[in-house]
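Asks: Under the working numbering, the residue at position 21 of the sequence shown is numbered 12, and the numbers go up by one with no gaps.
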Amino acid sequence: MDNYGNKLVFVGGMGAGKTTAIRAISDVEPVSTDMPLSIDATEEKSFTTVALDYSSIDLDEGELLHVYGVPGQKYLNFMWPMVCTGAIGIIVLVNACQDDAVDSTAELLKDFAALAPDASFVVGVTKSDLAPDFQLTSFRDELNASGYQVPVMKVDARVTIQVEFLIKTLLSYQHAGAQLGIGAANRI
Ligand SMILES: Nc1nc2c(ncn2[C@@H]2O[C@H](COP(=O)(O)OP(=O)(O)OP(=O)(O)O)[C@@H](O)[C@H]2O)c(=O)[nH]1
Ligand SMILES: [Mg+2]
-8 MDNYGNKLVF VGGMGAGKTT AIRAISDVEP VSTDMPLSID ATEEKSFTTV
42 ALDYSSIDLD EGELLHVYGV PGQKYLNFMW PMVCTGAIGI IVLVNACQDD
92 AVDSTAELLK DFAALAPDAS FVVGVTKSDL APDFQLTSFR DELNASGYQV
142 PVMKVDARVT IQVEFLIKTL LSYQHAGAQL GIGAANRI
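(1) Quick one: is the Cβ of Asp225 within less than 7 angstroms of any heavy atom of ligand 2?
(2) Helix, strand or coil for Ser119? Go by DSSP, reduced to three states.
(3) So within the stretch 61 to 114, which uninterrupted beta strand (DSSP E) runs reach at least 3 residues, ignoring any that extend past its ends?
(4) Give every residue of the same chain whose Cβ lies closer than 7 angstroms to the Cβ of Gly8, excluding the five residues on either side of it in the sequence, and list them in chain order.
(5) Could you check what DSSP says for Ile30 in three-state terms: helix, strand or coil?
(6) Can we say the stretch 76 to 94 touches the stretch 17 to 26, given the rule of at least three CB pairs closer than 8 angstroms?
(7) For ligand 1, any of its heavy atoms closer than 7 angstroms to the Cβ of Thr151?
(8) If you drop the 5 nearest sequence neighbours on each side, which residues of the same chain put their C-beta closer than 7 angstroms to that of Met196?
(9) May I ask which residues mark the beginning and end of the beta strand (DSSP E) holding Phe1?
(10) Assign Asp51 to one of three DSSP states: helix, strand, or coil.
(11) Starting from the N-terminal end, write out each residue whose C-beta falls within a distance shorter than 7 angstroms of any non-hydrogen atom of ligand 2.
(12) So, does the stretch 153 to 170 touch the stretch 44 to 59, judging by three or more C-beta pairs under 8 angstroms?
(13) Is Asp102 near ligand 1, in the sense that its beta carbon is under 7 angstroms from a heavy atom of that ligand?
(14) Cα separation between Gly77 and Ala110?
(15) Is the beta carbon of Val2 sitting closer than 8 angstroms to the one on Phe103?
(16) Roughly how many angstroms lie between the CA atoms of Asp94 and Met5, to the nearest whole one?
(17) From the DSSP output, in three-state form, read off Val19 for me.
(18) With a Cβ-Cβ cutoff of 8 angstroms, do Ala97 and Tyr164 count as a contact?
(19) In its own chain, which residues sit with a C-beta less than 6 angstroms from the C-beta of Cys75, not counting the 5 before and 5 after it?
(20) Does the Cβ-Cβ distance between Phe125 and Ser119 come in under 8 angstroms?
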């Protein structure tokens, strides 16, 4: 396989915070393909990614990371394989306010493990401040019970230090050679 360098990809549903997270950690102005939302626009969310996000960061002085984001909207999922080719790590963002947070995370892990078989994974749960009933431990247990053993943590995509911590967690798993749990491998 071609060498794509240290390529990480943020994935997740619409509004999970992919573009926001990439902007929060960028050393440079990110490449963005956000377009105005014609329907479902709110005061908080009026743009959506239609192709990809891209930026580069020097996380720990020396190692350049190439960071991409995919569109969350399903009808744009033809972009997913193109963006994910050669990724060493996939960051799944999921909105804590979603009723089907576990199922949609499991589906994303399954889909992206197929697209980036060599990648390590981490799950970041955004918007937990807006979901007072959200329980991280239950979420993690249910994901494990579905066959996905993967690091899971809360993250506010707007907060640089939290997004950096998520990426550092992913990289430490990646350096340790960790990939999705056995259960997940059986499901793909
Ligand atoms: N309250 C709150 N808002 C958040 C949090 N994380 C992200 N947001 C907001 O949620 C919105 C996320 O929007 P985007 O970053 O465009 O989402 P996206 O995943 O790129 O969406 P698509 O490109 O449409 O797939 C932004 O308005 C963020 O400010 C969080 O933890 N708490
Ligand atoms: Mg986006």
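C-beta atoms are modelled at their ideal positions from N, C-alpha and C, and glycine is treated no differently.
This structure is a prediction, so every number in the text was calculated from the model and none was measured.
Replies: Well, looking at it:
(1) In the structure as shown, the chain begins at -8 and stops at 179. Residue 225 is therefore absent and cannot be evaluated.
(2) Translated into positions along the sequence shown, residue 119 becomes position 128. The answer is helix: DSSP assigns Ser119 an H, G or I state.
(3) 80 to 86
(4) Translated into the one-based positions of the sequence shown, residue 8 becomes position 17. Here the set comprises Leu84, Thr117, Ala148.
(5) Along the sequence shown, one-based indexing puts residue 30 at 39. Of the three classes helix, strand and coil, the one that applies to Ile30 here is coil, per DSSP.
(6) no
(7) Numbered from its first residue, the sequence shown carries residue 151 at position 160. Thr151 Cβ: outside cutoff for every heavy atom of ligand 1.
(8) Because the chain spans -8 through 179 in this model, residue 196 falls outside it and cannot be assessed.
(9) Taking the first residue of the sequence shown as 1, we reach residue 1 at position 10. Segment -2 to 3, the beta strand (DSSP E) holding Phe1.
(10) The residue you call residue 51 lines up with position 60 of the sequence shown. The answer is coil: DSSP assigns Asp51 none of H, G, I, E or B.
(11) Lys9, Thr10, Asp25, Thr39, Thr40, Asp44, Gly60, Pro62, Gly63
(12) yes
(13) Walking along the sequence shown from the start, residue 102 turns up at place 111. Asp102: no, Cβ never under 7 angstroms from ligand 1.
(14) On the sequence shown, residue 77 is found 86 positions in, with the first residue counted as 1. On the sequence shown, residue 110 is found 119 positions in, with the first residue counted as 1. Each residue's alpha carbon lies about 8 angstroms from the other.
(15) Residue mapping note: residue 2 aligns to position 11 of the sequence shown, counting from 1. Residue mapping note: residue 103 aligns to position 112 of the sequence shown, counting from 1. Against a cut-off of 8 angstroms, the Cβ pair of Phe103 and Val2 comes out as a contact.
(16) Here residue 94 corresponds to residue number 103 of the sequence shown, with the count starting at 1. Here residue 5 corresponds to residue number 14 of the sequence shown, with the count starting at 1. Approximately 15 angstroms, taken between the alpha carbons.
(17) Here residue 19 corresponds to residue number 28 of the sequence shown, with the count starting at 1. Residue state, collapsed to three classes: coil.
(18) Position 106 of the sequence shown, counted from the first residue, corresponds to residue 97. Position 173 of the sequence shown, counted from the first residue, corresponds to residue 164. Not a contact, by the Cβ cut-off of 8 angstroms.
(19) Position 84 of the sequence shown, counted from the first residue, corresponds to residue 75. Cβ neighbours of Cys75 beyond the five flanking positions: Val0, Leu106, Ala107.
(20) Numbered from 1 along the sequence shown, position 134 holds the residue referred to as residue 125. Numbered from 1 along the sequence shown, position 128 holds the residue referred to as residue 119. In contact: Phe125 and Ser119 (Cβ atoms closer than 8 angstroms).
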